[in-house]
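Comments concern the structure below.
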Amino acid sequence: MPEQTFTRAAEVIPSEDSVTIRGWIYRIRKMKDKIFVVLRDASGIIQCIGQEDNLNPEAWKMLNEAAIENYIIVEGNPVEDNRAVNNVEVKLTDFKLMHKGEIFPIAKDKSKEFMLDNTHLFVRSFQSTNVWKVKASVLRASREWFFENDFYETTPPILTGSACEGGSTLFSLKYFDSTAYLSQSIQLYLEALIYSLEKVYAITPSFRAEKMRTKRHVNEFWHIEGEEAFVDFEGNMKIQEDMVAYIVQYVLEHNEKEFRELKRDTSVLESIKAPFKKVSYKEAIDTLNENGFDLQWDDDMKTEEERALSNIIGEPFFVRDYPSKHKPFYVKLHEDDPKWCYSADLMAPEGFGELITGGQREDVLDTLVRRIQEEGWEIEDYSWYVDLRKYGSVPHSGFGLGAERLTWWLCGLDTIQETLPFPRTRNRVYP
Ligand code: 4AD
Ligand code: MG
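Just so we're aligned, residue 4 is where the sequence shown starts under the numbering used here, counting upward by one.
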């Protein structure tokens, strides 16, 4: 028997030829002698009309029994109809109810909590589907960029004994007879791998045991991290801006339909080109103070301040040369004034704020050891990392881009939680 071929819902065009489509019922409206069914598949939707006169009795009976989210296979003739989506409607000649199942519980009037309890069903919504598609593009475009720029994809562990981003956000777990952590960032391992491959990257889940619930934090996210030998602070920012500009261009080219359906105004995205604007931390503080804040040069910029700055500047920009005391042990300190360091955050405009943290890594052995101890770690737990500065140490830099932060901004969503099919937050690891 030849394999049956199916036309995708969004690709149905008016034609003499009959089409067969499979998917789920998105909407259904039953009248006495005709029934409108909107079929949904991964590509989109297609309106179908079933009339008693055109269907055999069994098909008409099944159509009458059908309900939202049932799995169906339909056959019919696609004709032009400018009242339907895509200006086409399928006049059914056959209808098969493949799986009826139970009444679908998701409805508009349900509470947020109910929706979260039913995330496994809610992932079918159009809003979600559009976001998953943009996110798939973000991951794909970043891989393409790395590939085209001669980076090797690597696979560092996410079960680790060495914290990277401070003790307060570590998830620890029993690892046989000892303790291990879930990775906050695989940066330290990438730093080891540059000695064999020079240009490396990895896309892995990262975990942060942050207790607060905000629009921009989740406890598990996908981290796109790159590290490169012989690259300094300036070179590292160039890599980041080229890559982000590439991803923005990619989604504009491939996700026009998704942005339209998400009602995302893409004009800000369309004007994005590398190089990006760069402001020093001191300049950023000055700008904020000119806009009603009252901050010192070495104060820690909080979310509210970052958001304000992102709205004021109105395009992607780097804040560079942070106060060393706000950055982890691995960041290289300025040679002339160690109060400042070679660390930069790439900020998205429109109030979204930080997308990337990156910078040059400390390669002065004594400074690195002192900074690890100042953070309160046992140097034995980092001896492997310190070793990297003992054998052929080279200047090197890297960065970490949060796939969800980027998708959140690109789609212009209310919260970052919407960019994950099953967001992990303080109160939720189920479903
Ligand atoms: O700024 P972070 O903590 O930097 C690092 O982890 C470095 N070790 C990266 C590196 O140099 N390889 O995290 C990097 C990025 C942030 O800019 C943000 O996009 C994302 O990871 N991120 C989060 N995204 C969602 N929820 C959270 N709780 C996040 N924490 C960080
Ligand atoms: Mg950061």
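Heads up, the beta-carbon is just placed ideally off N, CA and C, and yes, glycines get one too.
| Item | Value |
| --- | --- |
| What do you get for ILE189, buried or exposed, if any count of 16 or more other CB atoms within 10 angstroms of its CB means buried? | buried |
| May I ask which residues mark the beginning and end of the alpha helix (DSSP H) holding PHE236? | 236–257 |
| In terms of DSSP beta bridges, what is ALA205 paired with? | GLU228 |
| The ligand 4AD heavy atoms versus the CB of GLY401: any closer than 7 Å? | yes |
| Please report the residue range of the beta strand (DSSP E) in which CYS51 lies. | 47–54 |
| List the residues that DSSP assigns as beta-bridge partners of CYS344. | LEU336 |
| Looking at C-alpha atoms only, which residue of ARG364, ILE419, PHE402, THR418 is the closest neighbour of ARG392? | ARG364 |
| Would the beta-carbon of GLY295 be found less than 7 Å away from any heavy atom of the ligand 4AD? | no |
| Could you tell me if SER313 is buried or exposed, where buried requires 16 or more neighbouring beta carbons within 10 angstroms of its beta carbon? | buried |
| For the segment 129–141 against the segment 262–273, are there 3 or more C-beta pairs whose distance is under 8 Å? | yes |
| Looking at the unbroken alpha helix (DSSP H) that takes in ARG146, where does it start and where does it end? | 129–151 |
| Would you call GLN376 buried or exposed, if buried means 16 or more other Cβ atoms sit within 10 Å of its Cβ? | exposed |
| So who's on the other strand from TRP411, going by DSSP bridges? | None; TRP411 has no bridge partner. |
| What's the gap between the Cα of SER386 and the Cα of ASN133? | 46 Å |
| Under 8 Å between C-beta atoms, does GLU72 make it to chain C? | No chain C appears in this structure, which consists of one protein chain only. |
| Using a threshold of 8 Å, state whether the C-beta atoms of GLU308 and LEU336 are closer than that. | no |
| How about GLY223 and GLY403: are their beta carbons less than 8 Å apart? | The sequence as given places Glu at residue 223; Gly does not occur at that position. For GLU223 and GLY403, no; Cβs fall outside 8 Å. |
| Just verifying my parser: in three-state terms, what is the DSSP assignment at THR370? | helix |
| In terms of residue numbering, what span does the beta strand (DSSP E) encompassing THR122 cover? | Element bounds for THR122: not the beta strand (DSSP E) but the alpha helix (DSSP H), 122–125. |
| So, are the CB atoms of PHE425 and ARG374 less than 8 Å apart? | no |
| Taking 7 Å as the line, does the beta carbon of ILE419 fall inside it for any heavy atom of the ligand 4AD? | yes |
| Considering only heavy atoms of the ligand MG and the C-beta of each residue, which residues fall inside 7 Å, strictly closer? | ASP348, GLU357, THR360 |
| For a test of your reading of the model: does the CB of CYS167 fall under 7 Å from any non-hydrogen atom of the ligand 4AD? Yes or no. | yes |
| Below 7 Å, is the gap between the Cβ of ARG211 and the nearest heavy atom of the ligand 4AD? | yes |
| Classify GLN243 as buried or exposed, calling it buried when 16 or more other Cβ atoms lie within 10 Å of its own Cβ. | buried |
| To the nearest angstrom, report how far apart GLY395 and SER199 are at their CA atoms. | 11 Å |
| Helix, strand or coil for SER171, going by three-state DSSP, please let me know. | helix |
| Using a threshold of 7 Å, is the CB atom of SER188 nearer than that to any non-hydrogen atom of the ligand 4AD? | yes |
| Indicate the three-state DSSP secondary structure (helix, strand or coil) for HIS220 in the structure shown. | coil |
| The beta strand (DSSP E) that contains THR23, what's its start and end? | 22–33 |
| Could you compute how far the alpha carbon of ILE109 sits from the alpha carbon of LEU66? | 21 Å |
| List the whole-angstrom C-beta distance separating LEU193 from GLU156, where the pair is believed to meet the contact cut-off of C-beta under 8 Å. | Going by Cβ atoms, the distance from LEU193 to GLU156 rounds to 11 Å, so no, they are not a contact pair. |
| Sorry if obvious, but does the Cβ on GLY354 come closer than 7 Å to a heavy atom of the ligand 4AD? | no |
| Report yes if the C-beta distance between TYR388 and GLY362 is below 8 Å; otherwise report no. | no |
| In whole angstroms, what is the alpha-carbon distance linking VAL88 and GLU61? | 28 Å |
| Report the rounded CA-to-CA distance for ALA347 versus ALA232, giving the unit in angstroms. | 18 Å |
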